[in-house]
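Inspection log for the structure reproduced underneath, given as structure tokens.
Residue numbers (this note's numbering): 231 to 528.
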């Protein structure tokens, strides 16, 4: 077989499989949105769920998901960035560095149900945080740290050495080079890692069943005291997220419109992920241009 013919065949196979994956993804998203968009309304997004009566909404669960996202990212991003920068710029090759990388790889392969049970035994029971948003955020941090560490390390190692050497030639300190030279170039990859980590927060259910809980107390959105048990911003209260609510409705929902609620909640979850991805990429471009004075994001 001639090289040109083999190249055309290989290119055709790759393009075919790529289009097939895109078609499956679009079909899945289209099916979820087609089933759920008709059930979405302002009342559906803001009202509380009903146990046995029709007409319930997803207001508390939607707020819980967004609040849990903020809590998780507040913990994950500093730890992930710090560990990734250490591995890329400070860690020396050796047994300790190899052990750290092994631990990171093992953490990334743990099933979510195992991590959830670990969080239930250690965080919920032993540390006494109970079923709470904070417990769920700590467990989700365990999921997201390996991803953030790997992405950060690869992003910093992917910066051309010439830029780092130019900073050293100018007499800049190592930390100044990291924050002013390497970080702006690595920022697009870091934004991608953050988006992937955030998607795990939106979609995770198994681990949150054992840590954040499957119920939400009656929230008073006029009470912004973070220590109040009915305050929506209290991180130590039980919180049923949107993904957990979808699982609960599908498995044990008693309301006559349970199927419609599950379909609408699934559509909202998909829309949330899409919106967050678009906003994160836009924010990444804005920050990148601000840090590099560049008008084109490479």
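We put the CB at the ideal spot given by N, CA and C, even for glycine.
| Asked | Found |
| --- | --- |
| Helix, strand or coil at residue 389 [DSSP, three-state] | coil |
| Neighbourhood of residue 528 by C-beta distance below 7 angstroms, restricted to the same chain and skipping five residues each side | Low local confidence applies: a pLDDT of 44 at residue 528 is under 50, so the model's placement there is unreliable, with the coordinate-based value given in what follows. Correct list: empty, nothing qualifies. |
| Inter-residue spacing [alpha-carbon to alpha-carbon] between residue 350 and residue 455 | 26 angstroms |
| Beta-carbon proximity of residue 366 to residue 442, cut-off 8 angstroms | yes |
| DSSP-derived helix/strand/coil call for residue 317 | helix |
| Inter-residue CB distance, residue 291 and residue 446 (contact presumed, cutoff 8 angstroms) | 7 angstroms |
| Contact check, residue 378 vs residue 427, beta carbons under 8 angstroms | yes |
| Alpha carbon of residue 431 to alpha carbon of residue 501, nearest angstrom | 14 angstroms |
| Contained alpha helix (DSSP H) runs [length at least 4] in the segment 429-509, N- to C-terminal order | 436-439 and 472-482 |
| Close beta carbons around residue 524, own chain, < 6 angstroms, minus the five adjacent residues each side | Model confidence at residue 524 stands at a pLDDT of 49, short of 50, so the residue's coordinates are unreliable and nothing is read from them. |
| Cβ neighbour criterion (16 or more within 10 Å) applied to residue 380 | buried |
| Under 8 angstroms between C-beta atoms of residue 424 and residue 239 | no |
| Which listed residue (471, 464 and 266) has its alpha carbon closest to that of residue 444 | 471 |
| Outcome for residue 328 when other beta-carbon atoms lying within 10 angstroms are tallied against a minimum of 16 | exposed |
| Cα-Cα separation between residue 376 and residue 274, rounded to whole angstroms | 36 angstroms |
| For residue 322, the first and last residue of its enclosing alpha helix (DSSP H) | Careful: residue 322 lies outside any alpha helix (DSSP H) and carries neither H nor E. |
| Euclidean distance between Cα positions of residue 383 and residue 417 | 12 angstroms |
| Cβ pair count under 8 angstroms reaching 3, the segment 432-440 against the segment 333-347 | yes |
| Reduced DSSP secondary structure (H/G/I, E/B, other) of residue 410 | helix |
| Cβ contact (3+ pairs, closer than 8 angstroms) linking the segment 400-416 and the segment 470-486 | no |
| Closest residue to residue 300 among 316, 506, 515 and 511 (Cα-Cα distance) | 506 |
| Per-residue DSSP class, three states only, for residue 248 | helix |
| Coarse secondary structure for residue 373, derived from DSSP in three states | helix |
| Where the alpha helix (DSSP H) through residue 342 begins and ends | 342-349 |
| Backbone secondary structure at residue 232 - three-state DSSP | coil |
| Euclidean distance between Cα positions of residue 285 and residue 347 | 34 angstroms |
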